[in-house]
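Novice: Under our numbering, read the sequence shown as residues 767 to 1143, first letter to last. Note that CB positions come from ideal geometry on N, CA and C, so glycine has one too. These figures come from a predicted structure and were not determined experimentally.
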Amino acid sequence: MHSKFTSQEMAHYARHFNLPEIGIEGQLRLKQARVLYIGAGGLGSAALPYLTAAGVGTIGMIDPDVVEASNLQRQTLYSYADIGKQKVLCALSRLQQLNPAITINIYAEKLTEKNALEIISQYDIIADGSDNFATRYLVNDACFHLNKPHVYAAISQFSGQCTVFTAQNGPCYRCLFDTPPPPDLMPNCAEGGVLGVLPALIGSIQATEVIKLITNIGKPLINRLLLINALDMSFREIAIFQNPHCRLCHDHEAFDTLPRYEEIACHHSVKNFPDELSVFELKNLLQTQSDILLLDVREPFEFQICHLNGTLIPLNTLSNNLSNLDANRHIVVYCKSGVRSMRAVKFLKANGFNQVSNLKGGIIEWINQIDPTMTRY
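(1) So, does the region 821 to 835 touch the region 902 to 913, judging by three or more C-beta pairs under 8 Å?
(2) I need the DSSP call for Glu-1029, collapsed to helix, strand or coil.
(3) Who are the Cβ neighbours of Gln-774 in its own chain at under 8 Å, not counting the five residues just before and after it?
(4) When you compare only the Cα positions, how much space is there between Thr-772 and Ala-819?
(5) Excluding the five sequence neighbours on either side, which residues of its own chain have a C-beta within less than 6 Å of the C-beta of Tyr-873, listed in chain order?
(6) Of the residues Phe-899, Ile-980, Gly-895, which one's Cα is nearest the Cα of Leu-794?
(7) Short of 7 Å in beta carbon distance, which residues of its chain neighbour Leu-864, apart from the five on each side in sequence? Order them along the chain.
(8) Could you check the C-alpha separation between Phe-1007 and Phe-931 for me, to the nearest Å?
(9) Are the CB atoms of Ile-983 and Ile-788 within a distance shorter than 8 Å?
(10) If contact is defined by three or more beta carbon pairs under 8 Å, each pair taking one atom from either stretch, is the region 1011 to 1018 in contact with the region 1077 to 1084?
(11) Can Phe-1021 be considered in contact with the ligand GTP, in the sense that its beta carbon sits closer than 7 Å to one or more heavy atoms?
(12) Can you tell me where the alpha helix (DSSP H) with Met-999 in it begins and where it stops?
(13) Can you look up Glu-1042 in the DSSP assignment and give me helix, strand or coil?
(14) Is Cys-1015 helix, strand or coil by DSSP?
(15) Only counting runs of 3 or more residues, tell me where the beta strand (DSSP E) segments fall wholly within the region 1065 to 1136, in order along the chain.
(16) Output the distance between the C-alpha atoms of Ala-882 and Leu-904, rounded to the nearest integer angstrom.
(17) On the CB-based measure, 16 or more other CB atoms within 10 Å of its CB, does His-1011 come out buried or exposed?
(18) Can you tell me where the beta strand (DSSP E) with Tyr-903 in it begins and where it stops?
(19) Look up Asp-944 in the DSSP assignment and say whether it is helix, strand or coil.
(20) Would you identify the three-state DSSP class for Lys-1037, choosing helix, strand or coil?
(21) Let me confirm a value: Lys-853 is counted as buried when at least 16 other C-beta atoms fall within 10 Å, else exposed. Which label applies?
(22) In three-state DSSP terms, what is Ile-825?
(23) Report the rounded CA-to-CA distance for Arg-800 versus Glu-1047, giving the unit in angstroms.
(24) Along the chain, where does the beta strand (DSSP E) that runs through Val-917 open and close?
(25) Please tell me whether Leu-1014 and Val-1098 are closer than 8 Å, where the distance is taken between their beta carbons.
(26) Could you work out which residue in His-1096, Gln-1053, Leu-997 is closest to Leu-1114 when comparing CA atoms only?
(27) According to the neighbour-count rule (16 or more other Cβ atoms, all chains shown, within 10 Å of its Cβ), is Met-1108 buried or exposed?
(28) Kindly indicate which three-state DSSP category Phe-931 falls into: helix, strand or coil?
(29) Look at the alpha carbon of Glu-975 and the alpha carbon of Ile-988, and state the distance between them as a whole number of angstroms.
(30) Give the DSSP-derived three-state secondary structure of Asp-1022 in the structure shown.
(31) Looking at C-alpha atoms only, which residue of Ile-1071, Ala-847, Val-1045, Asn-1075 is the closest neighbour of Val-1057?
(32) Can you tell which of Ser-887, Ile-825, Glu-884 has the C-alpha that lies nearest to the C-alpha of Leu-858?
(33) If you count every other CB in all the chains shown that lies within 10 Å of the CB of Leu-796, and 16 or more means buried, which is it?
(34) Would DSSP call Ile-977 helix, strand or coil?
(35) Alpha helix (DSSP H) containing Arg-1142: first to last residue?
(36) How about Ala-996 and Ala-812: do their beta carbons lie closer than 8 Å?
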């Protein structure tokens, strides 16, 4: 038995020890490594168990969300018994059973400008499995300023991508996406959907890249973006370079002066999108005004799961049903989380409907804040 490993660990990591590229030295590097994983969703459900099983000595995971039924199609860390519970707490229980020899730190909170530098500074490598642009920019900026390598992965519908940013002479995430697309053109998993097995594929690749960085083996995806399409099972690789106009990795702009996605999204909202109503404002309107028309632009199967009183017109049929709407009434449009409804409001405004509002956060926010007895999906 090696002095650095218990007999249980020797048995657990036996197949790693047999690999000349890893062996005792590589496994020691894994044991001494500290990895922070951003997000405990679909990608994390694949990456986190493999990093745990591989013997990464300290793993941190940060996610503010609770488990929902719609997560279970792809987030295999969780079960129906976990619905309504904090994801990081459920994940902690599963991962500790998988490898009790490692340390797991959990953060049941959102990564923000206020806590990002403090949390990220405690780890050697950052793996970003988040599902939104705001977090991706924040992780990128913090990692660059702290000189931390970070392994980026993302999925959408049937496709995924992965690369490694090293914070040394670029490129960085801002080189790939200097500004995010408008929110209405970039649906999240809740709105655009995602193939259930896809995060397992991309998350496993992401975990592989983390292990390669720790053990210093192979050729990491540095300066290379791997693109995967599950429909035709194609794997493409494109070279990525530092953007000479990048405000971060080229101009070295200060962390606290870089534009964040929320700021950019707000800019788009002011310029292109109408006012939004919070669920509390809508509740008050429904209690005080009788001429409110609730327009649900989700699909019929979603309407059957849960709905508010009103009219169902799926977004893709809206253009053919304008005559069924009264332009003189105040129309409040809603969907699951607010993305499709925002697009619908913009379309209605362009077609002469001036009294139109978007329900911010959609029916999920209504369930969270107003009526938790409704079925969540």
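Specialist: Concretely, from the data shown:
(1) No, the region 821 to 835 does not touch the region 902 to 913.
(2) On the sequence shown, position 263 is the one that residue 1029 refers to. Residue confidence is low: Glu-1029 scores 47 on pLDDT, short of 50, so the model does not pin down where it sits. Its coordinate-derived value is still stated next. Helix.
(3) Residue 774 sits at position 8 when you count from the first residue of the sequence shown. Taking C-beta separations shorter than 8 Å and ignoring five residues to either side along the sequence, the partners of Gln-774 in its chain run Ala-867, following chain order.
(4) Counting from 1 along the sequence shown, the entry for residue 772 is found at position 6. Counting from 1 along the sequence shown, the entry for residue 819 is found at position 53. Straight-line Cα distance between these residues: approximately 15 Å.
(5) For the purposes of this step, residue 873 is taken as the residue at position 107 of the sequence shown. Cβ neighbours of Tyr-873 beyond the five flanking positions: Ile-828.
(6) Here residue 794 is taken as the residue at index 28 of the sequence shown, counted from 1. The residue with the shortest Cα to Cα distance from Leu-794 is Ile-980.
(7) Walking along the sequence shown from the start, residue 864 turns up at place 98. Excluding residues within five positions, the ones whose Cβ falls inside 7 Å are Pro-815, Thr-818, Ala-819.
(8) The residue you call residue 1007 lines up with position 241 of the sequence shown. The residue you call residue 931 lines up with position 165 of the sequence shown. Taking C-alpha positions only, Phe-1007 is separated from Phe-931 by approximately 11 Å.
(9) On the sequence shown, residue 788 is found 22 positions in, with the first residue counted as 1. On the sequence shown, residue 983 is found 217 positions in, with the first residue counted as 1. Yes.
(10) By the C-beta criterion, the region 1077 to 1084 is judged not to be in contact with the region 1011 to 1018, since fewer than 3 inter-stretch pairs fall below 8 Å.
(11) Only the bare structure without any ligand can be found here, which leaves the ligand GTP out of the picture.
(12) What you label residue 999 is simply residue 233 of the sequence shown in a count that begins at 1. For Met-999, there is no enclosing alpha helix (DSSP H), as DSSP gives it neither H nor E.
(13) Looking up residue 1042 in the sequence shown gives position 276. Of the three classes helix, strand and coil, the one that applies to Glu-1042 here is strand, per DSSP.
(14) Here the question's residue 1015 lines up with position 249 in the sequence shown. In the structure shown, Cys-1015 adopts coil according to DSSP, grouped into three states.
(15) The region 1065 to 1136 contains, as complete beta strand (DSSP E) runs of 3+ residues, the segments 1096 to 1100, 1122 to 1125 (chain order).
(16) As a first step, residue 882 must be located in the sequence shown, where it is residue number 116. As a first step, residue 904 must be located in the sequence shown, where it is residue number 138. Leu-904 has its alpha-carbon roughly 8 Å from the corresponding atom of Ala-882.
(17) The sequence position of residue 1011 within the sequence shown is 245, counting from 1. Here His-1011 is exposed: its Cβ has fewer than 16 other Cβ atoms, across all protein chains shown, within 10 Å.
(18) Numbered from its first residue, the sequence shown carries residue 903 at position 137. Per DSSP, Tyr-903 belongs to no beta strand (DSSP E); it is in the alpha helix (DSSP H), 899 to 912.
(19) Position 178 of the sequence shown, counted from the start, is the residue given in the question as residue 944. Judged by DSSP in its simplified three-state form, Asp-944 adopts coil rather than helix or strand.
(20) Here residue 1037 refers to the residue found at position 271 when the sequence shown is read from its first residue. Residue placement at Lys-1037 is flagged as unreliable, the pLDDT there being 37, under the threshold of 50; the coordinate-derived value follows with that caveat. Note: Lys-1037 maps to helix in three-state DSSP.
(21) Walking along the sequence shown from the start, residue 853 turns up at place 87. Buried: at least 16 other Cβ atoms inside 10 Å.
(22) Stepping through the sequence shown from its first residue, residue 825 is reached at position 59. Three-state DSSP puts Ile-825 in a strand.
(23) Position 34 of the sequence shown, counted from the first residue, corresponds to residue 800. Position 281 of the sequence shown, counted from the first residue, corresponds to residue 1047. The alpha-carbon separation between Arg-800 and Glu-1047 amounts to approximately 45 Å.
(24) On the sequence shown, residue 917 is found 151 positions in, with the first residue counted as 1. First-last of the beta strand (DSSP E) with Val-917: 916 to 922.
(25) Along the sequence shown, read from residue 1 onward, the residue named residue 1014 stands at position 248. Along the sequence shown, read from residue 1 onward, the residue named residue 1098 stands at position 332. No, Cβ-Cβ distance for Leu-1014 and Val-1098 is not below 8 Å.
(26) The sequence position of residue 1114 within the sequence shown is 348, counting from 1. Comparing Cα-Cα distances from Leu-1114 to each of His-1096, Gln-1053, Leu-997, the minimum goes to His-1096.
(27) As a working mapping, residue 1108 is identified with position 342 in the sequence shown. Met-1108 should be labelled buried.
(28) Within the sequence shown, numbered from 1, the residue matching residue 931 stands at position 165. Phe-931 sits in a strand when the DSSP states are folded into three classes.
(29) Taking the sequence shown and counting its residues from 1, one reaches residue 975 at position 209. Taking the sequence shown and counting its residues from 1, one reaches residue 988 at position 222. Each residue's CA atom was taken as its position, placing Glu-975 and Ile-988 some 10 Å apart.
(30) Your numbering for residue 1022 matches position 256 in the sequence shown. Note: Asp-1022 maps to helix in three-state DSSP.
(31) Position 291 of the sequence shown, counting from 1, holds the residue named residue 1057. Looking at the sequence itself, residue 1057 is Asp, so the reference to Val does not match. Minimum Cα distance to Asp-1057 is reached at Asn-1075.
(32) Counting from one through the sequence shown, the residue named residue 858 turns up at place 92. Ranking Ser-887, Ile-825, Glu-884 by Cα distance to Leu-858 puts Ile-825 first.
(33) Here residue 796 refers to the residue found at position 30 of the sequence shown. Buried, by the Cβ-count rule.
(34) Along the sequence shown, one-based indexing puts residue 977 at 211. In the structure shown, Ile-977 sits in a helix (DSSP, three-state: H, G or I).
(35) Within the sequence shown, residue 1142 is the residue found at index 376, counting from 1. The continuous stretches of alpha helix (DSSP H) do not include Arg-1142, and DSSP gives it neither H nor E.
(36) Along the sequence shown, one-based indexing puts residue 996 at 230. Along the sequence shown, one-based indexing puts residue 812 at 46. Contact: no.
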